[in-house]
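S.K.: Have a look at this one before I ask anything.
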Amino acid sequence: MDDKPATSAGSSGQAIVFQLLEAYCAEKGLRLTAGDPYGHAGLVEGPSGEKRFFKGCRFDLNGYGAAEIAKDKAYTNRFLELAGLATPASHFVPSDGIGTVAELSADVHQFTDKTGYPVFVKPNEGQEGRDVLKAVTSKDLLTALQALSTRHAALLVQEAVPGTDLRIVVLDGEVLLAFERLKPIVTGDGTRNVSDLINDQTKLDRTDQRIAIELAQQGLRLDNVPETGQTISLLPVCNLSSGGTARLVTKGLAPELVSIALRAAKALDLRFAGVDLIVSNEHSRDSAAIVLEVNAAPGLNNLYRQGRVEAEAATSTYRKVFEAMLRF
């Protein structure tokens, strides 16, 4: 859920969403009041005093209960499955007591016996791919559960589904935008080591401890020199906020994927949502795509900053969101 306010380089320091909303309100003659100097939150008032609030990328569109369900990954999976939608196999793990155990519990072992490795460990309530870890062995899994249990009340162990990662933004039964999300990578040149190659990744947080873990799972270290053309994954997630990149696919989106995204938003009673799909590489699956998450406050700040075409797509999408929110 990329709902964290962001600012554009060279701007007044105000959030991108606020700048776009400010221009829209000026055009429509609406009164906009910022909650702080950076526009991280605010209020729009209509001609007769009607009010619409926003905070970050959370707008007065979705009901509070529906948005709270979407924040909780376990509940989200439950209601998606009731609607007949495919989700990754997941196992809910309360954090209490994990830090003191010396081995995985029987129920976690039973789960991984069915799914196999690798698996992902993630906070049951989290956003932007933060604190998502990949485990390739039972030892990795125990270490990941222990580390995350100190910061989160509940965790999910989830099967790793290979495939294409898509974010589809929907509003009132219509797909506004779709893009493929790609993991941050480096490509070897036969000369520089991994650390030097990472220096070229301006959007990547070099202090992210998951980089070392991801490299170790590939048998690599920062001082290794990859062969020319060798591709190396740097993180286990594709989130743009973590350094991933986007490729717009709105125009070519398959009708079946459109249907799945719209059904997912409807299942959670969300007018506005970012539906994350994995288009599976496994032909044995019954569905063309797995619903990974549904976000009630999908942010497009990082997409906006990627380039001119992406900024235009994000601006157009936000304009439709503003129109839906500000129908006074």
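Residue numbers in the sequence shown follow the UniProt record's numbering, run continuously in steps of one, and reach 328 at the last position. A virtual CB, placed ideally from N, CA and C, is assigned to each residue, including glycine. What you are looking at is a predicted structure, and each value in this text was computed from that prediction instead of being measured.
#1: Per the DSSP calculation, Ile-98 is bridged to which residue(s)?
#2: Based on the DSSP output, what are the partners of Gly-163 in its beta bridges?
#3: Any chance the stretch 12 to 32 sits against the stretch 42 to 53, with 3 or more Cβ pairs inside 8 angstroms?
#4: When you compare each of Val-294, Val-17 and Thr-231 to Gly-56 by their alpha carbons, which one comes out closest?
#5: Closer than 8 angstroms by C-beta to Gln-306: which residues in its own chain qualify, once you throw out the five before and the five after it? Chain order, please.
#6: Quick check on DSSP: helix, strand or coil for Pro-123?
#7: Which same chain residues, not among the five before or five after Glu-50, have their C-beta less than 8 angstroms away from its C-beta?
#8: Between Leu-61, Tyr-75, Gly-229 and Leu-222, which has its C-alpha nearest Ala-154's C-alpha?
#9: Going by DSSP in three states, Ala-153 sits in which element: helix, strand or coil?
#10: Which runs of the beta strand (DSSP E), 3 residues or longer, sit entirely within the stretch 179 to 235?
#11: For Gly-299, which of helix, strand or coil comes out of DSSP?
#12: For Leu-222, which of Gly-229, Thr-231 and Ile-211 has the nearest alpha-carbon?
#13: Once DSSP output is grouped into helix, strand and coil, what is the label at Gln-110?
#14: Taking the alpha-carbon positions, what's the Pro-255 to Leu-171 distance?
#15: Tell me, please, whether the stretch 263 to 272 touches the stretch 58 to 71 by the rule of three or more beta-carbon pairs shorter than 8 angstroms.
#16: Closest to Ala-41 by CA distance: which of Ala-26, Cys-25 and Arg-58 is it?
#17: Counting only runs that start and end within the stretch 247 to 280, where is the beta strand (DSSP E) found for 3 or more residues in a row?
#18: Look at the alpha carbon of Asp-276 and the alpha carbon of Ala-265, and state the distance between them as a whole number of angstroms.
#19: Could you tell me if Pro-162 is buried or exposed, where buried requires 16 or more neighbouring beta carbons within 10 angstroms of its beta carbon?
#20: Would you mind reading off the limits of the alpha helix (DSSP H) that contains Phe-18?
#21: Is Glu-174 buried or exposed, if buried means 16 or more other CB atoms sit within 10 Å of its CB?
#22: Evaluate Arg-52 with the Cβ neighbour count: other Cβ atoms within 10 Å of its Cβ, from every protein chain shown; 16 or more gives buried, anything less gives exposed.
#23: Would you say Ile-260 and Asp-165 are within 8 angstroms of each other, going by their C-beta atoms?
#24: Where do the N-terminal and C-terminal ends of the beta strand (DSSP E) with Thr-33 fall, by residue?
#25: I'd like the list of long-range same chain contacts for Pro-88, defined as Cβ closer than 7 angstroms, with 5 residues on each side in sequence excluded.
#26: State buried or exposed for Gln-110, treating a residue as buried only when at least 16 other CB atoms are found within 10 Å of its CB.
#27: Considering only residues of the same chain and omitting the five flanking positions on each side of Arg-206, which have a CB-CB separation below 7 angstroms?
M.R.: Looking at the atomic coordinates:
#1: In the sequence shown, counting from the first residue as 1, residue 98 sits at position 98. In the DSSP assignment, no residue is bridged to Ile-98.
#2: Within the sequence shown, numbered from 1, the residue matching residue 163 stands at position 163. In the DSSP output, where bridge partners are listed per residue, Gly-163 has Ser-280.
#3: Yes: at least three Cβ pairs fall under 8 angstroms.
#4: Counting from 1 along the sequence shown, the entry for residue 56 is found at position 56. Cα-wise, what sits closest to Gly-56 is Val-17.
#5: The sequence position of residue 306 within the sequence shown is 306, counting from 1. Only Leu-240, Thr-245 and Ala-246 meet the Cβ criterion.
#6: The residue given as residue 123 occupies position 123 in the sequence shown. Of the three classes helix, strand and coil, the one that applies to Pro-123 here is strand, per DSSP.
#7: In the sequence shown, the residue the question calls residue 50 occupies position 50. The residues are Phe-328.
#8: Numbered from 1 along the sequence shown, position 154 holds the residue referred to as residue 154. Ranking Leu-61, Tyr-75, Gly-229 and Leu-222 by Cα distance to Ala-154 puts Tyr-75 first.
#9: Residue numbering aside, residue 153 sits at position 153 when the sequence shown is read from its first letter. Of the three classes helix, strand and coil, the one that applies to Ala-153 here is coil, per DSSP.
#10: Qualifying beta strand (DSSP E) stretches, in chain order: 185 to 187 and 231 to 233.
#11: Taking the first residue of the sequence shown as position 1, residue 299 is located at position 299. In the structure shown, Gly-299 falls within a coil segment according to DSSP collapsed to helix, strand and coil.
#12: Translated into positions along the sequence shown, residue 222 becomes position 222. Answer by Cα proximity: Ile-211.
#13: As a working note, residue 110 is residue 110 in the sequence shown. Helix, per DSSP.
#14: What you label residue 255 is simply residue 255 of the sequence shown in a count that begins at 1. What you label residue 171 is simply residue 171 of the sequence shown in a count that begins at 1. Distance between the alpha carbons of Pro-255 and Leu-171 is about 16 angstroms.
#15: Contact between the stretch 263 to 272 and the stretch 58 to 71 is present, because at least three Cβ pairs lie under 8 angstroms.
#16: By one-based count along the sequence shown, residue 41 stands at place 41. Of Ala-26, Cys-25 and Arg-58, the residue nearest in Cα terms is Arg-58.
#17: Restricting attention to beta strand (DSSP E) runs no shorter than 3 residues, the stretch 247 to 280 encloses them at 272 to 280, ordered along the chain.
#18: Mapped onto the sequence shown, residue 276 falls at position 276. Mapped onto the sequence shown, residue 265 falls at position 265. Distance between Asp-276 and Ala-265, taken at the CA atoms: about 11 angstroms.
#19: Start at 1 with the first residue of the sequence shown, and residue 162 comes out as number 162. By the neighbour-count rule (16 or more Cβ atoms within 10 Å), Pro-162 is not buried but exposed.
#20: For the purposes of this step, residue 18 is taken as residue 18 along the sequence shown, with counting starting at 1. 16 to 28 is the span of the alpha helix (DSSP H), which, as asked, contains Phe-18.
#21: Mapped onto the sequence shown, residue 174 falls at position 174. Answer is exposed; the Cβ neighbour count stays below 16.
#22: On the sequence shown, residue 52 is found 52 positions in, with the first residue counted as 1. Looking at its Cβ environment, which holds 16 or more other Cβ atoms inside 10 Å, Arg-52 is buried.
#23: Position 260 of the sequence shown, counted from the start, is the residue given in the question as residue 260. Position 165 of the sequence shown, counted from the start, is the residue given in the question as residue 165. No; because the gap between Cβ atoms is not below 8 angstroms, this pair is not in contact.
#24: Here residue 33 is taken as the residue at index 33 of the sequence shown, counted from 1. Counting along the chain, Thr-33 sits inside the beta strand (DSSP E) bounded by residues 31 to 34.
#25: Start at 1 with the first residue of the sequence shown, and residue 88 comes out as number 88. Answer for Pro-88: Gln-158, Glu-159, Val-161, Ile-290 and Leu-292, listed in chain order.
#26: As a working note, residue 110 is residue 110 in the sequence shown. Its Cβ having fewer than 16 others within 10 Å, Gln-110 is exposed.
#27: If you number the sequence shown from 1, residue 206 lands on position 206. Cβ-Cβ distances below 7 angstroms link Arg-206 to Ile-198 in the same chain, with the five nearest sequence neighbours on each side left out; the list follows chain order.
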